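Accompanying notes for the structure given below.
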Amino acid sequence: MNRKTALKRTARFAKDHKLKKSTIMVLFAVIILSCYLKDFIFKLTGYLFAPLRFVCVMIGGFFKRIFSPLYSFCRKNRADILKFECTFLAVSFILLYMFNKNYLQSVWGDETGVSALEPWDNYPVEENTINIGAVTWNTSNEDNREDETDKIINNEENDDNNIEDKLPKVLLNQPLYSISLNRLLNTVTIYTYDETGNYNVPVKAMRCSTGGENTPLGTFTLSDKFKFATLQFSSYGQYCTRITGAILFHSSTYTERKKDTLSAEDYNKLGESVSHGCVRLTTADAKWIYDNCGEGTVVTIYDGEDEGPLGKPETIKVPEGTLWDPTDPDPENPWNDKLPVISGASNKVVYEYDDYTVMKGITAVDTCGNDITDHIVVEGEVDVNIPGVYTVTYKVKDVLGRGDEITVEITIK
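Under this note's numbering, the first residue of the sequence shown carries the number 7, and numbering increases by one thereafter.
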């Protein structure tokens, strides 16, 4: 295969698979350099075998008959023992390593190493995607930032963000959001821009788990996205968005490429530096970045003592053996049917001067069964010294935004 043919085939492959411009430039450079390197290696190898040619000439006779085939081969072919394909492959790996040591790792979205491709036949592939092993590449080139902003302004998908008055008119020449990641405190803060185009309007905060020093500091831009990716040590992550190289935003880890194989132990460590370099989030937060932060969104990773303007959110703890992330919006999630529960609140008759308080015997648990009694809010007062009927309302809300409310009557006689 000559250089011209190799360049044509590479261009066709790049077009069919929608490779990035940077990747195409590297491949073209590899082809051109390898062609020159091939000729150099062939000539150099011929010169290295030249002493054998001299020996063949000098020995003659019986030994000449033995060495004459090798002599003829060297003279005719200049030791052309390396095929173009072998040279191209070797030089490609060398140059890719020189350009970016994490390039080969980043293809499959592993946290620290190359991941083996596995069948993905059982996972649904969405429209406008191509299924390539464990990776789903979005093939739609539509710019939907304006639509996303309209949804946010109209409060269609982000009721909890309350940013209706903060968003300026859409500037289509820049991403809607920027992301700041405090690696030291494991906190992510999402910003949008003001009327001057500066990203200083906080929108959302997330609790995360970084890899400490394994997570690089610096400024990067988001690129590839895929629903499920194979991570290191036979683990998997949902809603993955590439930050740089093999470093991704993704959900907490799963033991299989299934939504019901959550690692409860890893999930309960969110907020600690325990990953292998990627940034772990709840499934809901990973999906939010996947859905709302497009290619080119700037990510700044830094170490700081300030949690950010929105603080560091809490994440709900799950019981040992839990298989679903309670934040996963999938309709099949069994946590969808669970709610916080207030216990011990009922109509009571209390006699004057009894030892009674409105919180006596009242407890509450969150969606996952954790005690959140101290989060109960009481509306109404009871004076045990004055007979009468008092109305008391108990309210509680957990970190998932779900709540319980009970209103009771306390009669003082």
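Don't be surprised by glycine CBs; every beta carbon is placed ideally from N, CA and C. Predicted model only: the values in this text are computed from it and were never measured.
Cutting at 7 Å between CB atoms, please list the residues of its own chain near residue 261, excluding the five before and the five after it. Translated into positions along the sequence shown, residue 261 becomes position 255. Once the five neighbours on either side are set aside, the close Cβ partners of residue 261 are 241, 267 and 269.
Excluding sequence positions up to five away, which residues of its chain have a Cβ less than 8 Å from the Cβ of residue 223? Walking along the sequence shown from the start, residue 223 turns up at place 217. Closer than 8 Å at Cβ, skipping near neighbours: 189, 307, 308 and 309.
Check whether the region 362-371 and the region 333-340 touch, using three or more Cβ-Cβ pairs below 8 Å as the test. no
If you reduce the DSSP assignment to three classes, tell me which class residue 403 lands in. The sequence position of residue 403 within the sequence shown is 397, counting from 1. Three-state DSSP puts residue 403 in a strand.
Close beta carbons around residue 275, own chain, < 8 Å, minus the five adjacent residues each side: As a working mapping, residue 275 is identified with position 269 in the sequence shown. Excluding sequence neighbours, residue 275 sits near 215.
Assuming residue 283 and residue 253 make a contact with CB atoms under 8 Å, what is their CB distance in whole Å? Your numbering for residue 283 matches position 277 in the sequence shown. Your numbering for residue 253 matches position 247 in the sequence shown. Yes, they are in contact, since the Cβ atoms of residue 283 and residue 253 sit about 5 Å apart, within 8 Å.
Could you pull out every residue in the same chain whose Cβ sits closer than 6 Å to the Cβ of residue 383, ignoring the five residues on either side in sequence? Residue mapping note: residue 383 aligns to position 377 of the sequence shown, counting from 1. Hits under 6 Å: 401.
Can you give the beta carbon distance from residue 416 to residue 348, rounded, assuming they're within the 8 Å contact cut? Position 410 of the sequence shown holds residue 416. Position 342 of the sequence shown holds residue 348. So it is not a contact: roughly 15 Å between Cβ atoms.
How far does the beta strand (DSSP E) with residue 206 in it extend, from its first residue to its last? Translated into the one-based positions of the sequence shown, residue 206 becomes position 200. It spans 205-213 - the beta strand (DSSP E) in which residue 206 sits, taken as one unbroken run.
Just to confirm, is the Cβ distance from residue 395 to residue 359 under 8 Å? The sequence position of residue 395 within the sequence shown is 389, counting from 1. The sequence position of residue 359 within the sequence shown is 353, counting from 1. No, these two residues do not count as a Cβ contact at 8 Å.
Run of the alpha helix (DSSP H) containing residue 201, from where it starts to where it stops: In the sequence shown, counting from the first residue as 1, residue 201 sits at position 195. Taken as a continuous stretch (DSSP letters only), residue 201 belongs to no alpha helix (DSSP H), as it is neither H nor E.
At the level of alpha carbons, what is the spacing between residue 217 and residue 210? Taking the sequence shown and counting its residues from 1, one reaches residue 217 at position 211. Taking the sequence shown and counting its residues from 1, one reaches residue 210 at position 204. Cα to Cα, the separation comes out at about 22 Å.
contact_flag[the region 317-327, the region 229-239] where n(CB pairs < 8 Å) is 3 or more: no
Give the secondary structure of residue 298 by DSSP, where H, G and I count as helix, E and B as strand, and everything else as coil. If you number the sequence shown from 1, residue 298 lands on position 292. Judged by DSSP in its simplified three-state form, residue 298 adopts helix.
Among 355, 374 and 398, which one has its Cα closest to the Cα of residue 418? For this step, residue 418 is matched to residue 412 along the sequence shown. Closest by alpha carbon: 355.
Buried or exposed: which applies to residue 264, given that a residue is buried once 16 or more other Cβ atoms fall within 10 Å of its Cβ? Numbered from its first residue, the sequence shown carries residue 264 at position 258. Label assigned to residue 264: exposed.
Would residue 332 be called buried (16 or more neighbouring beta carbons within 10 Å of its own) or exposed? Position 326 of the sequence shown, counted from the first residue, corresponds to residue 332. Per the 10 Å Cβ criterion, buried.
Three-state class that DSSP yields for residue 15 in the structure shown: Translated into positions along the sequence shown, residue 15 becomes position 9. The answer is helix: DSSP assigns residue 15 an H, G or I state.
Which value, in whole angstroms, describes the spacing of the CA atoms of residue 142 and residue 299? In the sequence shown, residue 142 corresponds to position 136, counting from 1. In the sequence shown, residue 299 corresponds to position 293, counting from 1. Legend: pLDDT at residue 142 = 35, less than 50; position of this residue unreliable, value from coordinates given subsequently. Rounded to whole angstroms, residue 142 to residue 299 spans 17 Å at the Cα level.
So who's on the other strand from residue 248, going by DSSP bridges? By 1-based counting over the sequence shown, the position of residue 248 is 242. Answer is 254, bridged to residue 248.
Ordered along the chain, which non-local residues of its own chain (more than five positions away) have a Cβ less than 6 Å from that of residue 315? Here residue 315 refers to the residue found at position 309 of the sequence shown. Same-chain partners within the cutoff: 208.
Helix, strand or coil: which one does DSSP assign to residue 425? The structure shown does not extend to residue 425, since the chain is modelled only from 7 to 419, so the question has no answer here.
Could you have a look at residue 351 and say whether DSSP puts it in helix, strand or coil? As a working note, residue 351 is residue 345 in the sequence shown. Three-state DSSP puts residue 351 in coil, outside helix and strand.
CA-CA distance, residue 408 and residue 373? Counting from one through the sequence shown, the residue named residue 408 turns up at place 402. Counting from one through the sequence shown, the residue named residue 373 turns up at place 367. If you take the alpha carbons of residue 408 and residue 373, they lie about 7 Å apart.
Please return the same chain residues whose Cβ sits closer than 6 Å to the Cβ of residue 212, not counting the five positions on each side in sequence. If you number the sequence shown from 1, residue 212 lands on position 206. Same-chain partners within the cutoff: 194, 287 and 291.
For residue 352, count neighbouring C-beta atoms within 10 Å of its own C-beta (all shown protein chains included) and say buried if the count is 16 or more, exposed if not. Mapped onto the sequence shown, residue 352 falls at position 346. Residue 352 comes out exposed.
With C-beta atoms as the reference, is residue 343 less than 8 Å away from residue 378? Numbered from 1 along the sequence shown, position 337 holds the residue referred to as residue 343. Numbered from 1 along the sequence shown, position 372 holds the residue referred to as residue 378. Contact flag unset, no.
To the nearest angstrom, how far is the alpha carbon of residue 32 from that of residue 39? As a first step, residue 32 is located in the sequence shown; it is residue number 26 there, counting from the start. As a first step, residue 39 is located in the sequence shown; it is residue number 33 there, counting from the start. Approximately 10 Å between the Cα atoms of the pair.
On a CA-only basis, which of 345, 294, 361 and 273 is nearest residue 324? Give me that one, please. Within the sequence shown, numbered from 1, the residue matching residue 324 stands at position 318. Out of 345, 294, 361 and 273, 273 has the C-alpha closest to the C-alpha of residue 324.
Under three-state DSSP, which class holds residue 186? Your numbering for residue 186 matches position 180 in the sequence shown. If DSSP states are grouped into helix, strand and coil, residue 186 belongs with the strands.
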